[in-house]
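Student:
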Amino acid sequence: MNKKLVNEFGKKLKALDNHLGFKVLENTEANLNGSFISLSEKGNVLITYGNDTVFELTTIDETPAIDLDSIYVDKDNSALFGDLIKLCGEYLDVFFGDDEHDN
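Letter by letter, the sequence shown follows residues 1 to 103 in full-length UniProt numbering.
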């Protein structure tokens with residue numbers, strides 16, 4: 001994972017909205033979502049707004065992807081959400097590409 005690009009991603013998140021952040025999971029975590037438990041695997045990236053997880057960057061069949069469980073976006077926040085999805089899509093390879101040797 002290229003640390004310079006990871007830091008750049010964090011700065012761009014904050015530029016979209018100061019409450020946005022991310023966390024690269026160091027261990028697999030279990031989360032209670034309503035009446036069911038979901039697992040977030042080690043290495044996945046949680047995209048957060050304040051203390052709430054918005055969605056997760058992960059891999060599906062070895063393909064980098066954005067995992068949207070159930071998202072509700074009102075009209076006022078739709079542009080921000082669209083920009084956020086675009087930004088995350090641009091940086092998927094930073095977190096899940098084959099550049100593990102980069103610093």
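Even for Gly, the Cβ is constructed at its ideal location relative to N, Cα and C.
Computed from a predicted structure; not experimentally measured.
Given a threshold of 16 other Cβ atoms within 10 Å of its Cβ, counted over all protein chains shown, does S40 qualify as buried or as exposed?
Tutor: The count along the sequence shown starts at 1 and reaches residue 40 at position 40. Classification of S40: buried, given that the 10 Å Cβ count is 16 or more.
Student: What's the gap between the Cα of G97 and the Cα of N18?
Tutor: Position 97 of the sequence shown holds residue 97. Position 18 of the sequence shown holds residue 18. C-alpha separation (whole angstroms): 27 angstroms.
Student: Can you tell me whether DSSP reads Y49 as helix, strand or coil?
Tutor: Residue numbering aside, residue 49 sits at position 49 when the sequence shown is read from its first letter. In the structure shown, Y49 sits in a strand (DSSP, three-state: E or B).
Student: Do K23 and L46 have their C-beta atoms within less than 7 angstroms of each other?
Tutor: The residue given as residue 23 occupies position 23 in the sequence shown. The residue given as residue 46 occupies position 46 in the sequence shown. Against a cut-off of 7 angstroms, the Cβ pair of L46 and K23 comes out as a contact.
Student: Kindly indicate which three-state DSSP category G34 falls into: helix, strand or coil?
Tutor: Along the sequence shown, one-based indexing puts residue 34 at 34. Three-state DSSP puts G34 in coil, outside helix and strand.
Student: Can you tell me whether V73 is buried or exposed? The criterion is at least 16 other CB atoms within 10 Å of its CB, across all chains shown.
Tutor: Here residue 73 corresponds to residue number 73 of the sequence shown, with the count starting at 1. Under this definition V73 is an exposed residue.
Student: So, with DSSP's three-state summary, where would you put L16?
Tutor: Within the sequence shown, the letter at position 16 stands for residue 16. Helix, per DSSP.
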